[in-house]
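Q: Okay, here's the structure, questions in a sec.
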DNA sequence: AAATGCACTTGATATAGGTCAATTCACGAT
DNA sequence: ATCGTGAATTGACCTATATCAAGTGCATTT
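Protein chains in written order, with full-length UniProt numbering: chain V, 1 to 195; chain G, 1 to 195.
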């Protein structure tokens, strides 16, 4: 299946609507395929996030670096997820985040101005945007609650049940950072839960 | 200014579009005013969040209670904010949250089905929804980053600069809980930063 | 096969922030 | 004015998690 077929299926499935041939032509004309090798950056801190990318293949992490040089992973992303720093993308502000490919990465990317066009012209695209926005809001609410009310161990168990794929796809130190833990602490948590 | 005038101004300002007289009639027909006294609940854990409320006056907190009986405040809300547990509201699932009035509260409320209608029929309403969704996404991203990378003191300073009104409107123990801190810790942080 | 480099583990120690208990403060109700 | 209640402060102590340092196991490169 080609990259665009994957993408079209995704839109139709999430939105519950069909794309016309015209819709598909429009999307193909303005979403550009882009490939990144592992370790390459989709976005660097300080740059404006001009593109939003739909991940067709591979994985990425969104992270900040604090004054002490410590990295904090905010988001881990896999196939069929969208990749962007939304604050920078919507407001055209320089980003405080880095987005780096953790595996070889293939995305379909487009600009904010184009997305506005798709929203106006393609009903399935706009329906998809609404569903995604709902899902994001819900996921954020959950994650925030987990961060505030759960212990390290509970957050790890939560991750296992909500995103079991993460354990296969991401190294443990990345998962630790995503959970807001040091790699040592995650290692000890795993040791204890196996006994 | 009446409740609805406040509401209409808000929609027009956020969306950048004007409401027609028909639009206004439609909104007035399906947003119901509701008043809650301080301490009353807008939503109780276990119930489905049937209504979304627009706060015209007053304030509220959204919180969970963990197994140890500790409360965790996820959201503090003031005038011109929306009040709902979106997970429960969108998915019609029983809520894990409580929403309680912290001051006497006046909201305009409506149901999910009605909101869908407004989105279809009122361009300004739908434009507003898009802007709000962007703002939420950005605010969530920021708050998550703060929770993961900042110390307690930095989070408090962040709050002071982003939401100075909170200090006037909410008691310190609520703010502590919102920041994920014990009241004692927040008290000590304030003491230190005054020296 | 040796060498290099990472991810992961393990142990010892440090620290931010939590918990518990006592005290003071503010204010609404009588 | 006084009482009562809940908020805020303060001190002593505790705990979860971070930090630092050393060691182990595996791939990848040479």
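The beta-carbon is built from N, C-alpha and C at its ideal position, and this holds for glycine as well.
Starting from residue 74 of chain V, find everything on chain G with Cβ-Cβ shorter than 8 Å and list it in chain order.
A: Per Cβ cutoff of 8 Å: 141, 144, 145 and 148.
Q: Residues in the same chain with beta-carbon distance under 8 Å from residue 90 of chain G, minus the five sequence neighbours each way, listed in chain order, please.
A: So the qualifying residues of the chain are 112.
Q: Taking the C-alpha atoms as reference points, what is the distance between residue 109 of chain V and residue 145 of chain G?
A: So the two alpha carbons sit approximately 25 Å from each other.
Q: Alpha carbon to alpha carbon, what distance is there between residue 189 of chain V and residue 198 of chain V?
A: Past the boundaries of the shown model lies residue 198 of chain V; chain V is included only from 1 to 195, so the question cannot be answered.
Q: Does the beta carbon of residue 64 of chain G come closer than 8 Å to any beta carbon on chain V?
A: Yes, contact with chain V.
Q: Mind listing, in chain order, the continuous beta strand (DSSP E) runs of no fewer than 3 residues lying wholly within the region 37-69 of chain V?
A: Counting whole runs of 3 or more residues, the region 37-69 of chain V contains the beta strand (DSSP E) stretches 41-43, 51-57 and 60-65.
Q: Going straight from the alpha carbon of residue 275 of chain G to that of residue 102 of chain G, what length do you get?
A: With chain G covering 1 to 195 only, the question about residue 275 of chain G has no answer from this structure.
Q: Please confirm whether residue 60 of chain G and residue 115 of chain G have their CB atoms less than 8 Å apart.
A: Cβ atoms of residue 60 of chain G and residue 115 of chain G: not closer than 8 Å.
Q: Just to confirm before moving on: does the CB-CB distance between residue 199 of chain V and residue 74 of chain V stay below 8 Å?
A: Residue 199 of chain V is absent from the structure shown; chain V starts at 1 and stops at 195.
Q: Residue 183 of chain V and residue 173 of chain V: beta carbons closer than 8 Å?
A: Yes, the Cβ-Cβ distance between residue 183 of chain V and residue 173 of chain V is below 8 Å.
Q: State buried or exposed for residue 151 of chain G, treating a residue as buried only when at least 16 other CB atoms are found within 10 Å of its CB.
A: By the neighbour-count rule (16 or more Cβ atoms within 10 Å), residue 151 of chain G is not buried but exposed.
Q: Taking 8 Å as the CB-CB cut-off, is residue 166 of chain V touching chain G?
A: No, no contact with chain G.
Q: DSSP state of residue 106 of chain G, grouped into three classes?
A: In the structure shown, residue 106 of chain G sits in a strand (DSSP, three-state: E or B).
Q: With a threshold of 8 Å, are at least 3 pairs of Cβ atoms found where one atom belongs to the region 130-143 of chain V and the other to the region 20-34 of chain V?
A: Contact between the region 130-143 of chain V and the region 20-34 of chain V is absent, because fewer than three Cβ pairs lie under 8 Å.
Q: Please classify residue 143 of chain V: is it buried, with 16 or more other beta-carbons within 10 angstroms of its beta-carbon, or exposed?
A: Residue 143 of chain V comes out buried.
Q: Pick from V:93, V:70 and V:62: whose alpha carbon is nearest that of residue 78 of chain V?
A: Comparing Cα-Cα distances from residue 78 of chain V to each of V:93, V:70 and V:62, the minimum goes to V:62.
Q: Name the residues in the region 177-191 of chain G whose C-beta lies less than 7 Å from a C-beta of chain V; which are they?
A: Result list: 180.
Q: What residues of chain V sit near residue 137 of chain G, judged by a beta carbon separation below 9 Å?
A: In chain order: 86, 87, 90, 133, 136, 137 and 140.
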